[in-house]
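Using the numbering used here, read the sequence shown as starting at 2 and increasing by one per residue. Everything below concerns the one structure shown next.
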Amino acid sequence: MEAGPIATVIGLLGACLVALILVLVARREASAQRARAAEDVASIKQDARTLLADVERRERRVVEREEAVAAERLLVEDLEGKARTRSDEAAEARREGERLRDAAGRDAERLSAETERSVAARLADAERRALAELEQVSGLSVDDARAELTRRLLDQAQNDAAAQVRRTEAQARRTADARARRIVATALQRTAVPTSAQSAITVLALPSEEMKGRIIGKEGRNIRAFEALTGVNVLVDEQPDAVVLSCFDPERREVAQVALEALMADGRIHPQRIEAAYAEALAGADERTETAGHDAAERAGVRGLHPTLVRTLGRLRLRTSYGQNVLEHVVECALLAAGVAAETGADVEVARRGALLHDLGKALTAEVAGTHAIVGADLARRHGESDAVVNAIAAHHDEVPPETVEAVLVQVADAISASRPGARRGDELDQYVERMDKLEQLVAAHAGVRRALAMSAGREVRVVVEPSEVDDTALPQLAVAIARHIESDLTYPGEIKVTVVREIRASATAG
2 MEAGPIATVI GLLGACLVAL ILVLVARREA SAQRARAAED VASIKQDART LLADVERRER
62 RVVEREEAVA AERLLVEDLE GKARTRSDEA AEARREGERL RDAAGRDAER LSAETERSVA
122 ARLADAERRA LAELEQVSGL SVDDARAELT RRLLDQAQND AAAQVRRTEA QARRTADARA
182 RRIVATALQR TAVPTSAQSA ITVLALPSEE MKGRIIGKEG RNIRAFEALT GVNVLVDEQP
242 DAVVLSCFDP ERREVAQVAL EALMADGRIH PQRIEAAYAE ALAGADERTE TAGHDAAERA
302 GVRGLHPTLV RTLGRLRLRT SYGQNVLEHV VECALLAAGV AAETGADVEV ARRGALLHDL
362 GKALTAEVAG THAIVGADLA RRHGESDAVV NAIAAHHDEV PPETVEAVLV QVADAISASR
422 PGARRGDELD QYVERMDKLE QLVAAHAGVR RALAMSAGRE VRVVVEPSEV DDTALPQLAV
482 AIARHIESDL TYPGEIKVTV VREIRASATA G
């Protein structure tokens, strides 16, 4: 029982001691905080005094600067006032100077005018005295002297001008000749053509010597059938590896060549196969024409031709002029015209195109009335060619005047191609072809004649009649009538053999 109260007392004493310690610690902390607060207040006061001193210094500087600015402003205003005063004085001085200059100019003009009048009067007086003395000495009036002087000056000027013109013309002629030779030589060097004048024959190489026997056939039936069908002479000579097709008509010769090449490739040669090959060759004529036209345009470097112009161009492969193939001629002209145009600075494409198409009408002259130049120009115009190209075509034989440099260049290229050594022969070939055409036309005009073929250089004409119109009994009379007609209407050397053929065929199909 006694131990319990003691413990309680000890506990209370301990609690009081702890409370006392806490109070002491709190007082110490409060004292420390008051000390720190006092230090902070002192520091703040010191900072405030420092800041106040700094503000006062700045205020003094601002006041000093304002006073300096005010002083400078007063100085500037004073200087501006002085500057305005001096500017006014300078403007007044300038105006005074201008007044003085104007016055001096007027005085100078007045003095100059008076001087000029005085000098003019003196010169006029001196001129009058000189003229009077000249008239007295020469015996000529002023008008007569002026006319004589004018005449002499004109004569001298005309003589000088004529001499200068002659020198210029001579120099231009020398220069032009040399330049023209150089241009033509350059164009010719750039242009290479594979053939010269063409003959009336075509040489076909044989794959073997036995092919010659097949072409001739048993007792010559194959070669006779081929010649009768195509109108072309087949010459089989001692040359073992070739046969020759001879005909004045290039179209017939081409068809015969295509047919014979097909027969040799096939190997079967007999009359029925010959007829089939001939029909196929005829059917392929349009395709060959178009291919030839495209090939010519490509070789000449011309693009964008209308299909009709391409086909017409291809037909020129079967035309000749003095022995020169017209298609090869126009391709050569296109290359020459382009070369000359490039050397002279003309339009190369117009010259090339006009030269390629310039003989286009030669493929149509048998169908359309008019010269080949005019017919070709009209065809080109209708199929979209430019006016410059159309004029070049129409003017290449001077039927219309050339309007452009390119038209003249087409004429030049045409002349160069025609005059090239070996390009053409004389009139004999054209006269021969014309004679063959007349012979065939004369024979074909007889009633019942289906086809007339001039053979053996015109020494024989083979006549194929319609069986339904001419019977066997009338054949001799028709042959005699044709021979008499030839004698009366044609002039020819030697004799012409007339052979009339009437053929009837019948076919049937078994099975």
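C-beta: ideal position from N, C-alpha, C; glycine also.
### Task
Compute the Euclidean distance between the alpha carbons of V481 and H295, then round it to the nearest angstrom.
48 Å
### Query
N223: which of G371, E276, V204 and L53 sits nearest, CA to CA?
E276
### Query
Ends of the beta strand (DSSP E) at T500?
K498 to V502
### Task
Can you give me the start and stop residues for the alpha helix (DSSP H) that L358 sits inside?
V349 to L358
### Start-to-end residues for the beta strand (DSSP E) that takes in S247
A243 to S247
### Buried/exposed call for I22, threshold 16 Cβ in 10 Å
exposed
### Query
How is the alpha helix (DSSP H) around L410 delimited, first residue to last?
V406 to S420
### Query
DSSP on T372, reduced to helix/strand/coil?
coil
#### Entry: Every unbroken beta strand (DSSP E) within the stretch 219-277, with a cutoff of 3 residues, ordered by chain
234-236 and 243-247
### Query
In the structure shown, what three-state DSSP assignment does R129 receive?
helix
#### Entry: DSSP beta-bridge partners of N326
T321
### Task
Name, in chain order, the residues that DSSP records as bridge partners for I202.
S247
### Message
To the nearest angstrom, how far is the alpha carbon of A301 from that of E281?
### Response
30 Å
### Query
Do the stretch 452-465 and the stretch 494-512 meet, that is, are 3 or more Cβ pairs less than 8 Å apart?
yes
### Query
Can you find at least 3 beta carbon pairs, one from the stretch 284-294 and one from the stretch 229-238, that sit closer than 8 Å?
no
### Query
Leaving out the 5 sequence neighbours to the left and right, which residues in its chain are closer than 6 Å to A393 when beta-carbon positions are compared?
G355, E407, A408 and V411
### Query
Under the three-state reduction of DSSP, which class applies to R451: helix, strand or coil?
strand
#### Entry: Cβ neighbours of A378 in the same chain (closer than 6 Å, five flanking residues each side left out)
V391, I394 and A395
### Query
Would a C-beta distance cut-off of 8 Å place L264 and R274 closer than the cut-off?
yes
### Message
Using a Cβ-Cβ cutoff of less than 7 Å, which residues in the same chain neighbour A511 once the five nearest sequence positions on both sides are dropped?
### Response
none
### Query
Considering only the beta carbon of each residue, do G495 and E470 sit closer than 8 Å?
no
### Task
Name the one or two DSSP bridge partners that R118 has.
Answer is none; R118 lacks a bridge partner.
### Message
Quick check: what's the CA-CA separation for A342 versus I375?
### Response
24 Å
### Task
Check whether the Cβ of L21 lies closer than 7 Å to any heavy atom of the ligand GTP, and answer yes or no.
You won't find the ligand GTP in this model; it holds no ligand whatsoever.
### Message
Would L361 and L310 qualify as a contact pair, given that the criterion is a beta-carbon distance under 8 Å?
### Response
yes
#### Entry: Under the three-state DSSP convention, the category V464 falls into
strand
### Message
For R436 and D250, I'd like the C-alpha separation in whole angstroms.
### Response
12 Å
### Message
If distances are taken between C-alpha atoms only, which option among A293, S322 and V499 comes closest to R316?
### Response
A293
### Query
Are I217 and V237 closer than 8 Å when you measure CB to CB?
yes
### Message
With DSSP as the reference, identify every bridge partner of M456, one or two as the case may be.
### Response
E461
### Task
Could you pull the start and end residues of the alpha helix (DSSP H) that T313 belongs to?
P308 to R316
### Integer Cβ distance of E441 from I497, believed to fall under 8 Å
The pair is not a contact, with the Cβ atoms about 12 Å apart (cut-off 8 Å).
### Task
Would you tell me roughly how many angstroms separate the C-alpha atoms of S197 and D415, rounded to the nearest one?
Only weak support is given to the placement of S197: the predicted model assigns it a pLDDT of 43, under 50, and the question is left unresolved by the model.
### Exposure of S88, with buried meaning 16 or more beta-carbon neighbours within 10 Å
exposed
### Task
Give me the Cα-Cα distance between R50 and E57, rounded to the nearest whole angstrom.
11 Å
### Query
So which of A507, L101 and E488 has the shortest CA-CA distance to V499?
E488
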